[in-house]
Each structure stands twice: as structure tokens, then as C-alpha cells.
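Chains as they are written, first to last, in our numbering: chain G, 45 to 110; chain H, 3 to 249.
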């Protein structure tokens, strides 16, 4: 698997269920490739941030006050 | 995170898990539904120093601040100030109907935003012509160029742009300045791509619901969502993490 395909699959994993074959190939690639595993971590972080944003926790909010 | 999805009390409060709203309005497409996380009852609080909706209504400053954030959130997705104001107004009216108490202002805001997300879904459902397919294609070409540029001829990361681990990213979530950058990055997304992306990420709609309605193939839909994520990642990387954050 090439990095370009791996990065796409990481994203698609948020939107559809990956096949077992895709998952295995992706996992194998991620285990060997620092760039792609960083990419995946960043995508996961992005998700967390988007969830917070959609819950009104940002930017003005949270419990911190104005 | 967001694991607890309780039933939402107050059926007049405008929150529904799936299916048409209870307003009696005809709903043309049953496929559209809000399936994202709704703040559960775990966040509710019974007794103690709870914030009641009642108190909130009387607190003008707090109301104004939350309202401002709501309008910004709605505007980002609807890109029409009248539609955004309407969605916020409806959400607030629905929220005021509820008599719940909340563990704090943050929990209350989360709940109000869950109502707002439903109102935005309603607004989008009634305006399916919001996506311009040909503009979407043009946006895609530009975003694809920046994506392709990350890879060498063998489709591996170019060394100078290979993703580098972000330092303590979750600490950024607690910083006001980070959210300003995040806000700017969201606004920076091309309009049609952003709409589809936000329907997915903010409103929790499934890709077949979003793209099926718009006549976009599933494959293309995934490409569009990836473009948006890639673009947002790049913007945050350059605008915050590579710049060393707020420090």
C-alpha cells in the first residue's frame, strides 16, 4: 500500500466500514510508516475537535466564561 | 466520548433522534435524519448548583454570548444569515420550552447546540439545492492539487511535508486562540465542500444520506470528505501546530 492510498483509507474509515482486507493492509502500512500513522492520529484529533465544536464548546464557550 | 445517548426529555423541545420532527410539517425525505450524538442524561444534573433554563433566560449576557456562538455555527453551515437567524431562533424557542436543569453552563450549551443541529438539518432538508455541483468540481481540483503535492512519484510522502506528530494536541482544545484558528480554518474551506463536510461531521448525517440526495456517488462523496479533512489538517498544521501553538 502506498501512502496516498493509506491516507485516503484513513479518512474513509470515518465514513464507511472498511473491508477486512482493507483494514489489514492499512494496519500493516501504518505499523511501518511514521508519516501515515501521524496522519491518522491527526485525523482522530480533528474528529475530537469537530465534536467539541459541534457541541458548542468552542470557541467562546465551555465553562471558562467570557 | 459522547457515549451516553439518553432519551431526550421534553418532546416539544424539538429534539428527535430520527424521523420527522413533530411539528406536523410534511417531511419529503425520510432518509434525512439527525444521527449524531445527543447530550445524554449523564450530563444532566438534578439538584445542587444546577443551571435551570429559567435562570438562563433571565441572564441577558449569557444568553447573548451563547446566541452569538449559535449564529456563527449556523451561518458556517447555511451561509445565509436569514436562514441562520431563523434556525437559531427556533432552537432557542424550543430550548426555552424545556424545564431541564443542567450541571452547568457548558452542559446547557451542549444541549442547546444539539437542538440547533436538528434545526440546521431541517433547514438543509428544505433547501436541497444548496450544493452547486459544478462549483464542487472546481473546488475539488484546487484541493486535489494541494493533496497531490504532498506525494512523490511513487505516491509516498515527500520528506519535507510528511506529517509530523503534533505536540500535545489535546491541550490545544483548552485554548481560546486555538479555536480562533480552527474557526478560521473552517471558514477557509471552499463553500460547497464545506457544506458536505459539515453535514457529515457536525450534523452526523450518513454519506449516503448526504450524497444520495445530491446525486453524488459514494466514491465521490468519500473523496470530497477526505479533501475537506486534508485541507483542515493542513490549515491547522500550518496555522497552529507548526507555528508552535499559542506559546
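For each residue, glycine too, the CB sits at the ideal point set by N, CA and C. Just so it is clear, the structure is predicted and the values come from calculations on it, not from any experiment.
Length of the line joining the Cα atoms of residue i and residue j
i, j, result
"residue 51 of chain G", "residue 63 of chain H", "44 Å"
"residue 77 of chain H", "residue 65 of chain H", "18 Å"
"residue 84 of chain G", "residue 54 of chain G", "6 Å"
"residue 144 of chain H", "residue 226 of chain H", "12 Å"
"residue 24 of chain H", "residue 87 of chain H", "Because the pLDDT of residue 24 of chain H is 37, which lies under 50, any placement of that residue in the model is unreliable, and the number read from its coordinates should be weighed accordingly. Rounded to the nearest angstrom, the two C-alpha atoms are 21 Å apart."
"residue 75 of chain H", "residue 229 of chain H", "21 Å"
"residue 219 of chain H", "residue 213 of chain H", "7 Å"
"residue 135 of chain H", "residue 199 of chain H", "14 Å"
"residue 45 of chain G", "residue 68 of chain G", "11 Å"
"residue 62 of chain G", "residue 224 of chain H", "12 Å"
"residue 170 of chain H", "residue 61 of chain H", "36 Å"
"residue 57 of chain H", "residue 121 of chain H", "23 Å"
"residue 112 of chain G", "residue 211 of chain H", "Look at the range of chain G in this structure, 45 to 110, and you will see that residue 112 of chain G is not part of it."
Residue-chain proximity (residue i, chain H), Cβ-Cβ < 8 Å
i, result
"residue 90 of chain G", "yes"
"residue 93 of chain G", "yes"
"residue 98 of chain G", "yes"
"residue 71 of chain G", "no"
"residue 57 of chain G", "no"
"residue 21 of chain G", "The structure shown does not extend to residue 21 of chain G, since chain G is modelled only from 45 through 110, so no value can be given for it."
"residue 61 of chain G", "no"
Endpoints, the alpha helix (DSSP H) within which residue i is located
i, result
"residue 62 of chain G", "Looking at the DSSP string, residue 62 of chain G is not in any alpha helix (DSSP H), and its letter there is neither H nor E."
"residue 193 of chain H", "193-203"
"residue 177 of chain H", "Segment: none, residue 177 of chain H is in no alpha helix (DSSP H) and carries neither H nor E."
"residue 64 of chain H", "62-80"
"residue 89 of chain G", "78-98"
C-beta neighbour in chain G for residue i, strict 8 Å
i, result
"residue 111 of chain H", "yes"
"residue 127 of chain H", "no"
"residue 159 of chain H", "yes"
"residue 165 of chain H", "yes"
"residue 119 of chain H", "yes"
"residue 50 of chain H", "Here the model assigns residue 50 of chain H a pLDDT of 47, short of 50, so the residue's position is not dependable and the matter cannot be decided."
"residue 34 of chain H", "Because residue 34 of chain H sits at a pLDDT of 38, beneath the cut-off of 50, its placement in the model cannot be relied upon, and the following sentence gives the value as read from the coordinates. No, residue 34 of chain H lies away from the interface with chain G (no Cβ there is under 8 Å from its Cβ)."
"residue 108 of chain H", "yes"
"residue 123 of chain H", "no"
(message) Please list, in chain order, the residues of the stretch 221-235 of chain H that have any C-beta partner in chain G closer than 7 Å.
(response) 224, 227, 228, 231, 234 and 235
(request) Assess, as a yes-or-no matter, whether the stretch 230-244 of chain H is touched by the stretch 176-186 of chain H under the definition of 3 or more beta carbon pairs within less than 8 Å. (result) yes
(request) Indicate whether the contact test is met: 3 or more Cβ pairs, each with one atom in the stretch 141-159 of chain H and one in the stretch 103-123 of chain H, closer than 8 Å. (result) no
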